[in-house]
Structure formats: C-alpha cells, structure tokens
Amino acid sequence: QVALNWCIQHQVVPLVGCRSTQQAKDSLGCLGWKLSSDDVERLDAVALDRSTLQSPPWRRAIFVTLFGIVNLICKTMDYWGCGSVGVEREEVYDSGKAKQV
-13 QVALNWCIQH QVVPLVGCRS TQQAKDSLGC LGWKLSSDDV ERLDAVALDR STLQSPPWRR
47 AIFVTLFGIV NLICKTMDYW GCGSVGVERE EVYDSGKAKQ V
C-alpha cells in the first residue's frame, strides 16, 4: 500500500496484478490517504537512486533489449504450446462434474 501510494504521489498510475479478491482489496488500501512529504522524500532518496532511469543510457539499452528478447522467447514458446507463460489447467467443479478450463 505504501509503494502504491508513493507512485500515486508522483502522479504515476501503478499497474497492479491481483490474483485474488484479497489482493485487490489490499491494493485498494493505498487510496484515501497520502504519505507525508517527509516519507515521500525518504522513499525518493532510496528508490530513485536505484532507478533504471538513472542508469547510463547504454545500461538502459541493454536492459530493454534483453527484456524484449526474453519476452519474445516466452511468447513464442507459449504460442507453440511448450512454454509455461500460458494459463495453467486446473480442475473446476461445475454441478458435481469436473471439467478442465
């Protein structure tokens, strides 16, 4: 909640991935309050010092390139059906009968 609120303080929309309603409720806990300016400054000193955006341009280029390659490989393997990025099969019980989703 603190990290999400910190993002909001910087006028950034955090992208949150929730796998359950409890996680969604926890994420919504970042709304309706503000970090103090002292807290924001202290978090800025730590977070922004280690930001990818503060890295030299060549390091950012390597990071973006490697991320793009890994993402392409994962999507390709998933497309071929041999990756683990896709939705895992799990049994769902509907009216007493098990079916695969």
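The sequence shown stops at residue 87 when you use this note's numbering, and every number in between is there.
Even for Gly, the Cβ is constructed at its ideal location relative to N, Cα and C.
- CA-CA distance, Phe49 to Trp19, rounds to 34 Å.
- Between the region 24 to 35 and the region -11 to -2 there are three or more C-beta pairs closer than 8 Å, enough to call the two in contact.
- One alpha carbon belongs to Lys61, the other to Thr51, and they sit about 15 Å apart.
- The beta carbon of Val2 sits closer than 6 Å to those of Ser13, all from its chain and outside the five residues before and after it, given in chain order.
- A direct Cα-Cα distance of roughly 11 Å separates Cys68 from Ile59.
- With a beta-carbon spacing of about 13 Å, Leu17 and Trp(-8) fall beyond the 8 Å limit used to define contacts.
- The shortest CA-to-CA distance from Ala(-11) to any of Phe53, Gly15, Thr7 and Pro43 is the one to Gly15.
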